Amino acid sequence: MTTSTHPQIDHLDLLESHAMFIIREVVAECERPVLLFSGGKDSAVLLHIAVKAFAPQKLPFPVMHVDTGHNFPEVIAYRDERVATLALRLEVASVQQAIDEGRVPDPGPLGMRNRLQTNALLHGISKHKFDAAFGGARRDEDKARAKERVLSFRNAFGEWDPKNQRPELWQLYQGKVNNGENLRAFPLSDWTELDIWNYIRRENVPLPSIYFAHERPVLQRDNMWLAVGEFVHPEPGEVVERHLVRFRTVGDASCTGAVRSSADTLDAIIAEVSTTNLSERGATRADDRFSETAMEDRKREGYF
Amino acid sequence: MSEPTSDLLRFATVGSVDDGKSTLIGRLLVDTRQLFDDQLEAVATASAKRGVGDLDLSFVTDGLRAEREQGITIDVAYRYAATPTRKFVIADCPGHVQYTRNMATGASTAEVALVVLDANEGLKEQTRRHLCIAALLGVRVVIVAANKMDLTQWDESVYTKVVDQVNDVAQRLGFTDTTVIPVSALKGDNVVERSYVATWYQGPTVLEALESAPAGSWASSASGARLPIQWVLRQNGGGRTYAGMVNGGEFTVGQQVTLMPQGITTTLKAINGPRGALDVALPGLSVDFDLADDTDAGRGDLLATAPLPTATREFEATICWFSDKPVMAGTRLRLKHTTRSTPVMVRSIAGQLDVGNLTVADVTELKMNDIGLVNLMTAEPIVVDDYRDNRVTGSFILIDEVTNATVAAGMIGHANFI
Ligand SMILES: Nc1nc2c(ncn2[C@@H]2O[C@H](COP(=O)(O)OP(=O)(O)O)[C@@H](O)[C@H]2O)c(=O)[nH]1
Numbered sequence: 000m001t002t003s004t005h006p007q008i009d010h011l012d013l014l015e016s017h018a019m020f021i022i023r024e025v026v027a028e029c030e031r032p033v034l035l036f037s038g039g040k041d042s043a044v045l046l047h048i049a050v051k052a053f054a055p056q057k058l059p060f061p062v063m064h065v066d067t068g069h070n071f072p073e074v075i076a077y078r079d080e081r082v083a084t085l086a087l088r089l090e091v092a093s094v095q096q097a098i099d100e101g102r103v104p105d106p107g108p109l110g111m112r113n114r115l116q117t118n119a120l121l122h123g124i125s126k127h128k129f130d131a132a133f134g135g136a137r138r139d140e141d142k143a144r145a146k147e148r149v150l151s152f153r154n155a156f157g158e159w160d161p162k163n164q165r166p167e168l169w170q171l172y173q174g175k176v177n178n179g180e181n182l183r184a185f186p187l188s189d190w191t192e193l194d195i196w197n198y199i200r201r202e203n204v205p206l207p208s209i210y211f212a213h214e215r216p217v218l219q220r221d222n223m224w225l226a227v228g229e230f231v232h233p234e235p236g237e238v239v240e241r242h243l244v245r246f247r248t249v250g251d252a253s254c255t256g257a258v259r260s261s262a263d264t265l266d267a268i269i270a271e272v273s274t275t276n277l278s279e280r281g282a283t284r285a286d287d288r289f290s291e292t293a294m295e296d297r298k299r300e301g302y303f
Numbered sequence: 000m001s002e003p004t005s006d007l008l009r010f011a012t013v014g015s016v017d018d019g020k021s022t023l024i025g026r027l028l029v030d031t032r033q034l035f036d037d038q039l040e041a042v043a044t045a046s047a048k049r050g051v052g053d054l055d056l057s058f059v060t061d062g063l064r065a066e067r068e069q070g071i072t073i074d075v076a077y078r079y080a081a082t083p084t085r086k087f088v089i090a091d092c093p094g095h096v097q098y099t100r101n102m103a104t105g106a107s108t109a110e111v112a113l114v115v116l117d118a119n120e121g122l123k124e125q126t127r128r129h130l131c132i133a134a135l136l137g138v139r140v141v142i143v144a145a146n147k148m149d150l151t152q153w154d155e156s157v158y159t160k161v162v163d164q165v166n167d168v169a170q171r172l173g174f175t176d177t178t179v180i181p182v183s184a185l186k187g188d189n190v191v192e193r194s195y196v197a198t199w200y201q202g203p204t205v206l207e208a209l210e211s212a213p214a215g216s217w218a219s220s221a222s223g224a225r226l227p228i229q230w231v232l233r234q235n236g237g238g239r240t241y242a243g244m245v246n247g248g249e250f251t252v253g254q255q256v257t258l259m260p261q262g263i264t265t266t267l268k269a270i271n272g273p274r275g276a277l278d279v280a281l282p283g284l285s286v287d288f289d290l291a292d293d294t295d296a297g298r299g300d301l302l303a304t305a306p307l308p309t310a311t312r313e314f315e316a317t318i319c320w321f322s323d324k325p326v327m328a329g330t331r332l333r334l335k336h337t338t339r340s341t342p343v344m345v346r347s348i349a350g351q352l353d354v355g356n357l358t359v360a361d362v363t364e365l366k367m368n369d370i371g372l373v374n375l376m377t378a379e380p381i382v383v384d385d386y387r388d389n390r391v392t393g394s395f396i397l398i399d400e401v402t403n404a405t406v407a408a409g410m411i412g413h414a415n416f417i
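Pasting the structure below:
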C-alpha cells in the first residue's frame, strides 16, 4: 500500500472502527466492565472486536454467560473453546442457581426460562459489582431496541426507562453512573443482520456449528421448528421429523426455533439472509411473540 | 459518528408533531420492501387492536408502549434501509418540543435532514426550531416533504407557498441544498412511487432525493487531522502506542504530528489499523499510533496535524439546554469534550436565540430547550476547533455532577446566522 493510492475503507470498516471506539470509551470511563457472551453470532463478533481494540494486551475485562441451563451442547463447547483460546476470564450467571436459591419461581424442567435470565443477569452484575455490561444487541432486531441508546443507563434495580433516556450526541458517549447503577453498552447498535454475516465472513470469526445447516430431529410447535433433545420432547399429537436445518439465533434451547435450510457455508448463509421474508426474531424466538411489546417489557425489568 | 462514505447516508427526520413523520418513514420502509412479513403482520395487528385503518404506518417506528398509546413519538428510533444504490441509517426524531433533546440526539450524527411538514399548515414554529437546530448541528442538505397534499386535492398553490417559506428560511440558515417535494405519506404519492395526481410536479420523489443527496456534507473538514487519545496500549516489546479514532483529515506515516495541549512535536512512526499496519489512517478508522519520541501522552490528549487546534480554558459556545433546572452565570458542571472530562463554570450567558426570527436576545438564564450563547471556563485546557470546521473537536456535552444527567449539547463558536 502506498500513500499515493488511497487505501479504501468501506461500510464494514467504519462499523468495526466505531464499535472499537465505543468499547475503548466504556473501558476508559467505567470501573468494572463485563462482556455478555452467549455464544451467539452477535456476541462472537463483539468479542472479536473487543479483542482487537486492546491487542496486543489481554482483554481488560471478563466475559459473563447468562446460562439458562437449557443449552445446545455445541454452544457450550464453543464458549469453552473461545475462553481457552483467548485466555478469557469467564463468569457464569446461572438461571438454575437462581431457581435453586429460590430467587425466581421454578418453571419446571421444561418451562421457558428466558424471562428468568433477567434475575440471573442482575444478580451476576451486582455480585461482581459490574458497572457496565457490553451486549451484542442491534437496533434492527426489534422496535424497542431501535429506540435504545448505545450506552443505556440502568438504575439500581437494573431497569430501563425508555421515556427518560440520556441524550447521546455525536460520539460523546457518557458513561457516568453512581454506585449500584449500571450501563448496558451496545457497540453493534448500527449493524444489521447482514452486516454481521458479512463481517464474520471477512474476518473468519469462529461460530458454533448450529448456525450451519445440519440434519437433526425437529418438531413443529407454535409455527416454529424446535430441536428435539434434552429440553424439547414431543407432546401428544406432535410428530418428530428429521430435517436439514440451521439456527439464525442462539438462545434457550427450549424456545429457539430452527429454520429449514441447506446453507452450510457462510456464502450460502449470506445468500439466504439477503432474501429472507422473516425477521430474525420473528422466525426463531418464541419469547418475543407473546405481546406487541415483549422486548420493551423485558428490558424495563433489566433484560439486556 | 462514523465519517460517511458515498454508499452510506445518515439522515434524520424532523418536523412538528402530527405532520406525518412516522407515517412517511413507515411508507418509505414498506414501499422499498425493508420490512419482513412478520413485522408487517405485527403492524397490522397493532393497528387493528387500536381500531385504526388497515395499516397504521406510524406503528412501524413508534415502538414504545407509551408512544403507541399516546400516538406520539417520544424518542429517536433508528432504522436501517438499503436500496440498490445506497444504505441508509435513519434517525426518526420526535416532533414534540418537550423531546427536543432527543431530536438533537438524532440530528447530531445526520448528514441530511428530511423535514416533514403538513402542507396545509405551512412552516410551524416547531419546524423552524428543528430546522434551526439541524443547521446549528451542521446539517447543510435538507429535503422537505410537503405532506398531506391529498387533503388539498393536490393544489399546486399550496405547494408553491411552502416552497417560498422553506426557501426563505433555508437561505437564512445557510443550507446549501434544499428540495421541496409534494407528497402524501398516507397514500404513498411521491415517496417511493411517483404521484399520478400531481401532474404539475416534475421533481424527484423522496427516495430519489435521498439516493442522490450529497453524502459527507459535513465531514468535509477545514481542520487538520485529529486523533483524540482514548487509551494507551502496552506493546509486547515494552513500548507504548496511542489508540483512538481518526477525524478531520488523514495521518500518514513519517509525518510530523503535534501532541496537544502539551505542544510537543514528534514523528508518526507507525500506524496500526484494525486489520494490521497502515501507511495512511483515514477519518473514521480506529487506529493506534507509534510515535518516534517518548512522550507522556495519555487519555484526553490529542494528536494533530496543521492547521492545529487551539488549547484553551475560556471560550464562547452555542448550547442547547436540556434540563428543567435553568443555567446561568456561575453554574458549575462537568464538560466532556472528545476523550477529556473537566469541571467547567458558566461565566456568562451572552444571549438567547429566537429560533423564529433568528435574533439574539439578552437574557440572564437559559431554560429547558433554549438555545443560547455562553462563555465557559474549564478547569483543565481542552483542545478545540470551531464546530463549523470539525464536528468532533468542536462539540461537547455538559453533565450535571450530582445526577450525571447530560444537560446540554454544546458547539464551539457560533453559526454565521447568529
Ligand atoms: N390525509 C393524510 N393524513 C396523513 C398523511 N400523513 C400522515 N397522516 C395522518 O396524520 C396523523 C399523524 O401522523 P404521524 O405519522 O403519527 O405523525 P408524526 O407525529 O409526525 O409522526 C395520523 O393520523 C396520520 O394517519 C397524509 O399524507 N395524508
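Listed in order, the protein sequences are those of chains A and B. Take the first sequence: its letter number 280 is residue 279 in numbering that gives the first Met the number 0, and every next letter is one higher. Take the second sequence: its letter number 147 is residue 146 in numbering that gives the first Met the number 0, and every next letter is one higher. Yeah, the Cβ is synthetic: ideal placement off N, Cα and C, and Gly gets one too. Because the structure is a prediction, the values reported are computed rather than measured.
Less than 9 Å separating the beta-carbons of B/Asp-384 and B/Gly-247? Closer than 9 Å, so yes.
For A/Ala-145 versus B/Ala-106, is the C-beta spacing smaller than 9 Å? Between A/Ala-145 and B/Ala-106, the gap from beta carbon to beta carbon reaches 9 Å or more.
Residue-chain proximity (B/Val-75, chain A), Cβ-Cβ < 9 Å: Under the Cβ distance rule, B/Val-75 counts among the residues neighbouring chain A, one pair being separated by less than 9 Å.
Under 9 Å from the C-beta of B/Phe-288: neighbouring residues of chain A: For the C-beta of B/Phe-288, not a single chain A residue is nearer than 9 Å; the gap to the nearest is close to 14 Å.
Once you ignore the five residues that flank B/Gln-33 on each side, which residues in its own chain have a CB closer than 7 Å to its CB? The answer, listed in chain order, is Ala-80.
If you compare alpha carbons, which of B/Leu-352, B/Gly-371, B/Ser-340 and B/Val-286 is closest to B/Val-326? Proximity to B/Val-326 across B/Leu-352, B/Gly-371, B/Ser-340 and B/Val-286 peaks at B/Gly-371, based on C-alpha coordinates.
Under the three-state reduction of DSSP, which class applies to B/Phe-87: helix, strand or coil? Looking at B/Phe-87 - three-state DSSP - the assignment turns out to be strand.
Can you list, in chain order, the residues of its chain whose CB lies under 8 Å from that of A/Ile-269, leaving out five sequence neighbours each side? Spatial neighbours of A/Ile-269 in its own chain (CB-CB distance under 8 Å, excluding positions within 5 residues in sequence) are listed in chain order as Leu-193, Trp-196, Asn-197 and Arg-200.
Nearest to A/Gly-68 by alpha carbon, out of A/Val-91, A/Phe-60 and A/Ala-52? That would be A/Val-91, whose Cα lies nearest to the Cα of A/Gly-68.
In whole angstroms, what is the alpha-carbon distance linking A/Asp-266 and B/Val-165? It is roughly 48 Å from the alpha-carbon of A/Asp-266 to the alpha-carbon of B/Val-165.
Using 8 Å as the cut-off, classify the Cβ of B/Asp-149 as near or not near the heavy atoms of ligand 1, replying yes or no. Remark: the C-beta of B/Asp-149 is in contact range of ligand 1, defined as less than 8 Å to any heavy atom.
Determine the direct distance from the alpha carbon of B/Thr-317 to that of A/Phe-20, and round the result to whole angstroms. Whole-angstrom Cα-Cα distance: 26 Å.
Can you tell me whether DSSP reads A/Gly-100 as helix, strand or coil? The identity of residue 100 of chain A in the sequence shown is Glu, whereas the question assumes Gly. The answer is coil: DSSP assigns A/Glu-100 none of H, G, I, E or B.
Enumerate in chain order the residues of its own chain whose CB-to-CB distance from A/Arg-23 is below 7 Å, with the five nearest sequence positions on each side excluded. Within the same chain, Ala-52 come within 7 Å of A/Arg-23 by CB-CB distance, once the 5 residues on both sides are set aside.
Through-space distance from A/Lys-126 to A/Ser-208, alpha-carbon basis: The alpha-carbon atoms of A/Ser-208 and A/Lys-126 are separated by roughly 32 Å.
Helix, strand or coil for B/Glu-379, going by three-state DSSP, please let me know. Three-state result, B/Glu-379: strand.
For B/Tyr-241: DSSP bridge partner residues: Beta-bridge pairing links B/Tyr-241 to B/Val-231 and B/Phe-288.
Endpoints, beta strand (DSSP E) assigned at A/Leu-243: Counting along the chain, the beta strand (DSSP E) containing A/Leu-243 begins and ends at 240-246.
For B/Thr-175, count neighbouring C-beta atoms within 10 Å of its own C-beta (all shown protein chains included) and say buried if the count is 16 or more, exposed if not. In this structure B/Thr-175 is exposed. Its beta-carbon is surrounded by fewer than 16 other beta-carbon atoms within 10 angstroms.
Rounded C-alpha distance that separates B/Val-256 from B/Ile-398: Our two residues, B/Val-256 and B/Ile-398, have alpha carbons roughly 31 Å apart in a direct line.
Strictly below 7 Å CB to CB, what residues from chain A border B/Gly-283? For B/Gly-283, the residues of chain A that pass the 7 Å Cβ criterion are Ile-8, Leu-13 and Ser-16, in the order they occur in the chain.
Closest Cβ-Cβ distance between B/Ser-394 and chain A: below 9 Å? B/Ser-394 counts as touching chain A.
Close-in-space but distant-in-sequence residues of the same chain around A/Pro-61 (CB under 6 Å, 5 per side omitted): Closer than 6 Å at the Cβ level, and outside the excluded window around A/Pro-61, lie Val-33, Arg-88 and Glu-90.
Proximity test, Cβ basis, 9 Å: B/Lys-335 and chain A: Chain A, which has a Cβ nearer than 9 Å to the Cβ of B/Lys-335, makes this yes.
Taking the straight line between their C-alpha atoms, what separation do you get for B/Ala-414 and B/Val-161? Each residue's Cα considered, the two are about 25 Å apart.
Just grab the DSSP bridge partners of A/Gln-219 for me. A/Gln-219 is bridged to A/Trp-224.
Kindly indicate which three-state DSSP category B/Glu-40 falls into: helix, strand or coil? Three-state result, B/Glu-40: helix.
Taking all protein chains shown into account, do 16 or more other C-beta atoms lie within 10 angstroms of the C-beta of B/Arg-274, making it buried, or fewer, making it exposed? Around the beta-carbon of B/Arg-274, fewer than 16 other beta-carbon atoms lie within 10 Å, marking it exposed.
According to the Cβ coordinates, are B/Ala-184 and B/Gly-14 closer than 9 Å? Going by C-beta atoms, B/Ala-184 is not nearer than 9 Å to B/Gly-14.
May I ask you to report which of helix, strand or coil DSSP gives A/Phe-36? It is coil, neither helix nor strand.
Within its chain, find whatever has a CB closer than 6 Å to the CB of B/Asp-149; leave out the 5 residues flanking it on each side and keep chain order. If we look at B/Asp-149 and ignore the five residues flanking it on each side, its Cβ neighbours are Ser-183 and Lys-186.
Tell me the residue span of the alpha helix (DSSP H) that contains B/Val-75. Here B/Val-75 belongs to no alpha helix (DSSP H), and DSSP marks it neither H nor E.
Ignore the nearest five residues each way along the sequence and tell me which others in B/Trp-217's own chain have a CB closer than 8 Å to its CB. Low local confidence applies: a pLDDT of 49 at B/Trp-217 is under 50, so the model's placement there is unreliable, and no value is given.
Please identify, using Cβ separations under 8 Å, the residues of the region 100-122 of chain B that lie next to chain A, in order along the chain. If the cut-off is 8 Å between Cβ atoms, the region 100-122 of chain B has Arg-100, Asn-101, Ala-103, Thr-104, Ser-107 and Thr-108 near chain A.
Let me check you understand the geometry: is the CB of B/Ser-183 closer than 8 Å to at least one non-hydrogen atom of ligand 2? No copy of ligand 2 appears in this structure; the ligands present are ligand 1.
Compile a chain-ordered list of the residues in the region 158-183 of chain A whose CB is closer than 8 Å to at least one CB of chain B. Within the region 158-183 of chain A, the qualifying residues are Pro-161, Lys-162, Gln-164, Arg-165, Pro-166, Glu-167, Leu-168, Trp-169, Gln-170, Leu-171, Gln-173, Lys-175, Val-176 and Asn-177.
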